[in-house]
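Here is the structure we will look at, set down as structure tokens.
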């Protein structure tokens, strides 16, 4: 399987919460990142979490980490149409970031 | 403060040609990494440079090379271009070589089309 896996699509209504899930295989990954990519643009760093933490909250974003299961999630509260984008999960491996294929979030009004 | 800047933003090359892409990291950042993002996929790690030395290399052929200059800017070179090299090339900047514990910022990328 892939080193980092994500579901490909998520569709939500404006105002609802969105939860994007990610699994990774490398137990030595010490940091896990979430990036947002809008069409035709580069990657915007949203947040990251250290592997000895269970949760990190930053305004509308909440990251949950289950290190035992190597499962990471990103919750976006009160999702807005401007949150529509591709979201990438990435895990550290030595000097590199290993990315998933991205989850396309579609927000309808 | 300027973020990570990359040039050119878009370019078209023909098969067999060579291309050079440029990146300037965030002021104070000493490490630059390069990633390739093919349409519909996540970015793939190509190189990391720190203090002008290669500190990491991904699974890419020798046609890909890079270097870092004393001012910490970097160039990525790709020789003998193939159609499959068409992609968005992203540059990332961090304070040090270790990805752990550092925020990693990406530029807007250089879109390369090979025809």
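Chains as they are written, first to last, in my numbering: chain B, 63 to 171; chain E, 420 to 534.
In this text, a Cβ means the ideal position worked out from N, Cα and C, and glycines have one as well.
All of these numbers come straight from a predicted model, not from anything done at the bench.
- For residue 514 of chain E, the secondary structure class from DSSP, reduced to helix, strand or coil, is coil.
- Residue 464 of chain E has E/454 as its beta-bridge partners, per DSSP.
- Going by DSSP, residue 115 of chain B is part of no beta strand (DSSP E) at all; its letter is neither H nor E.
- Taking all protein chains shown into account, residue 99 of chain B has 16 or more neighbouring C-beta atoms within 10 Å of its C-beta and is therefore buried.
- Under the three-state reduction of DSSP, residue 109 of chain B is assigned to strand.
- When the alpha-carbon of residue 149 of chain B is set against those of B/118, B/84 and B/77, the nearest one is in B/84.
- DSSP lists B/153 as the bridge partner or partners of residue 160 of chain B.
- In terms of CA proximity to residue 534 of chain E, E/501 leads the group E/508, E/501 and E/512.
- Counting only the Cα atoms, residue 477 of chain E lies some 23 Å from residue 132 of chain B.
- Closer than 9 Å to the CB of residue 106 of chain B there is at least one CB belonging to chain E.
- Relative to the Cα of residue 459 of chain E, the nearest Cα in the group B/158, B/122, B/71 and B/107 belongs to B/71.
- From the listed residues B/102, B/167 and B/162, the smallest Cα separation to residue 88 of chain B is found for B/162.
- Identification of chain B residues near residue 524 of chain E by a Cβ-Cβ cut-off of 7 Å yields 107, ordered along the chain.
- Taking 9 Å as the cut-off, the Cβ atoms of residue 508 of chain E and residue 455 of chain E count as close.
- Cβ contact annotation for residue 168 of chain B (same chain, cutoff 8 Å, sequence separation greater than five): 71, 72, 73, 74 and 146, in chain order.
- In this structure, residue 143 of chain B keeps its C-beta atom at 9 Å or more from the C-beta atom of residue 82 of chain B.
- Per DSSP, residue 78 of chain B has no beta bridge partner at all.
- Considering only beta carbons, the part of the segment 460-475 of chain E lying closer than 7 Å to chain B consists of 460, 461, 462, 464, 467, 474 and 475, in chain order.
- Interface flag for residue 124 of chain B against chain E is unset, since no Cβ pair is found closer than 9 Å.
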